[in-house]
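There are 2 protein chains.
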Amino acid sequence: MELPMLTVGEYSLVYNMLSFCIASMVFSGLFFIIAKDRIAPQYRMSVILSTIVVSIAGYHYFRIFGSWEAAYVIEGANYVASGKPFNDAYRYMDWLLTVPLLVVELLLLCSVAAEKKEGLIFNTVVATVLMLVFGYLGETSGGSSLTDSRGIYGFLSTIPFVYIVWVLWNEVSVAMADKEGHLKVLYRNIRFLLIFTWGYYPIVYMAPFIMDAASATVNVQVGYTIADVAAKAGYGCLIYAIAKAKSDEDGYVMA
Amino acid sequence: MELPMLTVGEYSLVYNMLSFCIASMVFSGLFFIIAKDRIAPQYRMSVILSTIVVSIAGYHYFRIFGSWEAAYVIEGANYVASGKPFNDAYRYMDWLLTVPLLVVELLLLCSVAAEKKEGLIFNTVVATVLMLVFGYLGETSGGSSLTDSRGIYGFLSTIPFVYIVWVLWNEVSVAMADKEGHLKVLYRNIRFLLIFTWGYYPIVYMAPFIMDAASATVNVQVGYTIADVAAKAGYGCLIYAIAKAKSDEDGYVMA
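Chains as they are written, first to last, in the numbering used here: chain A, 6 to 260; chain B, 6 to 260.
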């Protein structure tokens, strides 16, 4: 995709959101590392995986930030393409690593029965890879309408996407059924966050269908960034809260 | 080897795979550091060695990434050689450190009998050095066919290669024999991963025998990168899983 000319305001909005995202990822990760031993050992793996997820995302946003800076030069009152391509693929490299980890993290916390856990993890990880490969092909195809390559790959990507969301929704619902009080509220929140953040990605993907190139570029960058902050750092905080509540319930006391 | 002209897609594929590899190495390393104390002390050395292996690889891929960026400039719709050489030798410097560590790591986990362990480690480490020296000579000789310097050094490198794979296969098979259930499956997986990843390197090495320069460059870079991610980060995760399963079996409980 050719990079469109942006106003200073448009360019800076993306720039600042990317920086905000780096800070969110890196320092939520620092929090998880420091606070990890407040969680009982049997629930700690989810928090460890959160740490890895936000660290990987922090690395990629650092790269995306650098690529965004290099892709534009200021010219009068506007930013124009510098000739260096903006590498959107970083997001997909990131998701290829982090989405399977996020899925595993949630399944761990749902205490899925041992005999079906491995099969479920395998299926959802395969679905994740399919979803991202189709998404990447659509995103980099240069298409921008519902009926061209962006639309077709987007549709194909939606099939595994729906499967993963359906599996996770079900497992959280099952895990929630026998919980009470505060813990039940936390499970309900994470189920809501799941639908909210995952549901947001396809909407962002569709931005070029209805907008001019400049608006679409800004909305895609800002939209994915907000979704990633919520789905990784925000989600990690909720996972931490659930693990802490379970630890308290089990009477865990830090050494 | 002269660097061939590449399309934006070819150049970007290598670029993104190198970045993906950096993330895989660095953050699997972070995981091993954080999760290490979930492993019983007697199995922990393998996980510590994994951490060192992926860290060394992360460093070298950081260098390779920088070298790749510097070696090309965009010119119209293509990437052409900038005049700065692309330093492929980083890989061999990396392997010279990491391959002996990977071999030792696996032998440790196989609980090789004490009286033959040191001899076995010595022999495989010597074989590793021979394998890599011949491989390096072939890779940097400028040859590109089965009958020139690339082919001849490749053949010489294959002799110690076959010896190492044969030793490791045997030791894993012996270690596997008295295991049961989940642990046996994990040992079978690591034996499979061993053959799959090690077997992949010679195939990548042979790419220039059958392809034009641009395809060969892309395939060699992407191929070695995938092999390294599997043989170091992926292998490290499996080693972790085996060490964890053995710790659980011994009734290890985190302090």
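Just so it is clear, CB atoms sit at the ideal spot from N, CA and C, and this is done for glycine as well. Quick caveat, the model's predicted, so the values are computed rather than measured.
Less than 7 Å separating the beta-carbons of B:Ala-28 and A:Ile-61?
In the second sequence, residue 28 of chain B corresponds to position 23, counting from 1. In the first sequence, residue 61 of chain A corresponds to position 56, counting from 1. Cβ atoms of B:Ala-28 and A:Ile-61: closer than 7 Å.
Give the interface partners of B:Ser-29 over in chain A, defined as CB-CB distance under 8 Å, in chain order.
Taking the second sequence and counting its residues from 1, the one referred to as residue 29 of chain B is at position 24. Neighbours of B:Ser-29 on chain A, chain order: Leu-102.
Let me know the alpha helix (DSSP H) ranges lying completely inside the segment 119-192 of chain B, each 4 residues or longer, listed in chain order.
For the segment 119-192 of chain B, whole alpha helix (DSSP H) runs of length 4 or above, ordered along the chain, are 119-144, 154-182.
Just to confirm, are B:Tyr-240 and B:Leu-198 a CB contact at a threshold of 7 Å?
Here residue 240 of chain B refers to the residue found at position 235 when the second sequence is read from its first residue. Here residue 198 of chain B refers to the residue found at position 193 when the second sequence is read from its first residue. Cβ distance < 7 Å, so B:Tyr-240 and B:Leu-198 count as in contact.
Just the C-alpha distance for B:Pro-9 and B:Ala-219, rounded to the nearest angstrom, thanks.
Stepping through the second sequence from its first residue, residue 9 of chain B is reached at position 4. Stepping through the second sequence from its first residue, residue 219 of chain B is reached at position 214. Cα-Cα distance, rounded: 5 Å.
If you drop the 5 nearest sequence neighbours on each side, which residues of the same chain put their C-beta closer than 8 Å to that of A:Val-177?
Walking along the first sequence from the start, residue 177 of chain A turns up at place 172. Within the same chain, A:Val-177 has close Cβ partners Leu-111, Cys-115, Tyr-192, Ile-195, Arg-196, Leu-199.
Report the start-end ranges of each alpha helix (DSSP H) in the segment 207-232 of chain B that is 4 residues or longer and not cut off at the edges.
Runs of the alpha helix (DSSP H) inside the segment 207-232 of chain B: 212-215.
Given a cut-off of 7 Å, decide if A:Leu-137 and A:Leu-161 are closer than it, judged by their beta-carbon atoms.
By one-based count along the first sequence, residue 161 of chain A stands at place 156. By one-based count along the first sequence, residue 137 of chain A stands at place 132. It is not a contact, given that the beta carbons lie outside the stated cut-off.
Would you say A:Leu-238 and A:Ser-17 are within 7 Å of each other, going by their C-beta atoms?
Position 233 of the first sequence, counting from 1, holds the residue named residue 238 of chain A. Position 12 of the first sequence, counting from 1, holds the residue named residue 17 of chain A. Note that residue 238 of chain A is Ala in the sequence shown here, rather than Leu. No.
For B:Asn-83, name the three-state secondary structure that DSSP assigns.
Position 78 of the second sequence, counting from 1, holds the residue named residue 83 of chain B. Strand.
Excluding the 5 residues preceding and the 5 following B:Tyr-66 in the sequence, name in chain order all residues of the same chain whose CB lies nearer than 7 Å to its CB.
Within the second sequence, numbered from 1, the residue matching residue 66 of chain B stands at position 61. Answer for B:Tyr-66: Leu-23, Cys-26, Ile-27, Met-30, listed in chain order.
Looking at C-beta atoms only, is the number of pairs between the segment 243-255 of chain B and the segment 40-55 of chain B that lie closer than 8 Å three or more?
Flag = yes, the segment 243-255 of chain B and the segment 40-55 of chain B touch.
List the residues of chain A whose Cβ lies closer than 7 Å to the Cβ of B:Met-181, in chain order.
Along the second sequence, read from residue 1 onward, the residue named residue 181 of chain B stands at position 176. What B:Met-181 touches in chain A: nothing, since even the nearest Cβ is about 19 Å away.
Who are the Cβ neighbours of B:Ala-75 in its own chain at under 6 Å, not counting the five residues just before and after it?
Counted from its first residue, the second sequence places residue 75 of chain B at position 70. Hits under 6 Å: Lys-89.
I want to see whether chain B comes within less than 7 Å of A:Ala-40, judged by CB atoms only; does it?
In the first sequence, residue 40 of chain A corresponds to position 35, counting from 1. By this cut-off, A:Ala-40 is not an interface position.
Measure the Cβ-Cβ separation of A:Ser-51 and A:Ile-169 and say whether it is below 7 Å.
Position 46 of the first sequence, counting from 1, holds the residue named residue 51 of chain A. Position 164 of the first sequence, counting from 1, holds the residue named residue 169 of chain A. Against a cut-off of 7 Å, the Cβ pair of A:Ile-169 and A:Ser-51 comes out as no contact.
Which whole-angstrom value is the C-beta distance of A:Leu-125 and A:Val-117, which I expect to be below 8 Å?
The residue labelled residue 125 of chain A in the question sits at position 120 within the first sequence. The residue labelled residue 117 of chain A in the question sits at position 112 within the first sequence. Right, their Cβ atoms sit about 6 Å apart.
Ignore the nearest five residues each way along the sequence and tell me which others in A:Thr-202's own chain have a CB closer than 6 Å to its CB.
Against the first sequence, residue 202 of chain A aligns to sequence position 197. Excluding positions up to five away in sequence, the list reads Ala-232, Ala-235, Ala-236.
Compare the beta carbon distance of B:Gly-159 and B:Tyr-210 with 7 Å and say whether it is the shorter of the two.
Numbered from its first residue, the second sequence carries residue 159 of chain B at position 154. Numbered from its first residue, the second sequence carries residue 210 of chain B at position 205. Result yes, Cβ atoms of B:Gly-159 and B:Tyr-210 sit closer than 7 Å.
Residues of chain B with CB closer than 9 Å to the CB of A:Lys-89, please, in chain order.
Locating residue 89 of chain A in the first sequence gives position 84, where the first residue counts as 1. Near A:Lys-89 (Cβ distances below 9 Å), the residues of chain B are Ile-79.
In the DSSP assignment, what residue or residues form a beta bridge with B:Thr-103?
On the second sequence, position 98 is the one that residue 103 of chain B refers to. Bridge partners of B:Thr-103: none, in fact.
For a cutoff of 7 Å on Cβ pairs, would you count B:Val-243 as touching chain A?
Against the second sequence, residue 243 of chain B aligns to sequence position 238. The sequence shown places Leu at residue 243 of chain B, not Val. So, not an interface residue.
Tell me the residue span of the alpha helix (DSSP H) that contains A:Asp-253.
Stepping through the first sequence from its first residue, residue 253 of chain A is reached at position 248. That run of the alpha helix (DSSP H) goes 240-254.
Taking buried to mean at least 16 other C-beta atoms within 10 Å of its own C-beta, is B:Val-109 buried or exposed?
Mapped onto the second sequence, residue 109 of chain B falls at position 104. Buried, since its Cβ has 16 or more Cβ neighbours within 10 Å.
Check the Cβ-Cβ distances between B:Phe-70 and every residue of chain A, and say whether any is below 7 Å.
Indexing the second sequence from 1 puts residue 70 of chain B at position 65. Chain A, which has no Cβ nearer than 7 Å to the Cβ of B:Phe-70, makes this no.
Please determine, among A:Thr-152, A:Lys-251, A:Asn-83, the residue with the shortest C-alpha to C-alpha distance to A:Asp-183.
For the purposes of this step, residue 183 of chain A is taken as residue 178 along the first sequence, with counting starting at 1. That would be A:Lys-251, whose Cα lies nearest to the Cα of A:Asp-183.
Within the 7 Å Cβ cut-off, does B:Asn-175 reach chain A?
Counting from 1 along the second sequence, the entry for residue 175 of chain B is found at position 170. No, no contact with chain A.
Please check the pair A:Val-19 and A:Gln-226, which I expect to be a contact at CB under 8 Å, by giving their CB distance rounded to whole angstroms.
Against the first sequence, residue 19 of chain A aligns to sequence position 14. Against the first sequence, residue 226 of chain A aligns to sequence position 221. Sure, about 4 Å apart at Cβ, within 8 Å.
When burial is assigned at 16 or more other CB atoms within 10 Å of the CB, is A:Lys-121 buried or exposed?
Along the first sequence, one-based indexing puts residue 121 of chain A at 116. With fewer than 16 other Cβ atoms within 10 Å, it is exposed.
Using a beta-carbon distance below 7 Å, is A:Ala-236 in contact with chain B?
Position 231 of the first sequence holds residue 236 of chain A. It does not: the Cβ of A:Ala-236 has no partner Cβ on chain B nearer than 7 Å.
Below 6 Å, is the gap between the Cβ of B:Ala-180 and the nearest heavy atom of the ligand ADP?
Annotation note on the ligand ADP: not contained in the displayed structure, which lists no ligands.
Please confirm if B:Asn-194 has its CB atom under 7 Å from at least one CB of chain A.
On the second sequence, residue 194 of chain B is found 189 positions in, with the first residue counted as 1. Not closer than 7 Å to any Cβ of chain A, the Cβ of B:Asn-194 fails to qualify, so no.
If you compare alpha carbons, which of B:Tyr-95, B:Ala-82, B:Leu-54, B:Gly-81 is closest to B:Phe-70?
Taking the second sequence and counting its residues from 1, the one referred to as residue 70 of chain B is at position 65. Per the Cα distances, B:Tyr-95.
For chain B, is any of its Cβ atoms less than 7 Å away from the one on A:Ala-86?
Counting from one through the first sequence, the residue named residue 86 of chain A turns up at place 81. Taking Cβ atoms only, chain B never reaches closer than 7 Å to A:Ala-86, which makes this a no.
For B:Ile-38, which residues from the same chain have a beta carbon less than 7 Å from its beta carbon, with the 5 sequence-adjacent residues on both sides left out?
Mapped onto the second sequence, residue 38 of chain B falls at position 33. Hits under 7 Å: Thr-56.
What is the C-beta distance between B:Thr-93 and B:Thr-163, in whole angstroms, given that I count them as a contact (C-beta under 8 Å)?
As a working mapping, residue 93 of chain B is identified with position 88 in the second sequence. As a working mapping, residue 163 of chain B is identified with position 158 in the second sequence. Note that residue 93 of chain B corresponds to Asp in the displayed sequence, not to Thr. Not quite, the Cβ-Cβ distance comes to about 19 Å (not below 8 Å), so this is no contact.
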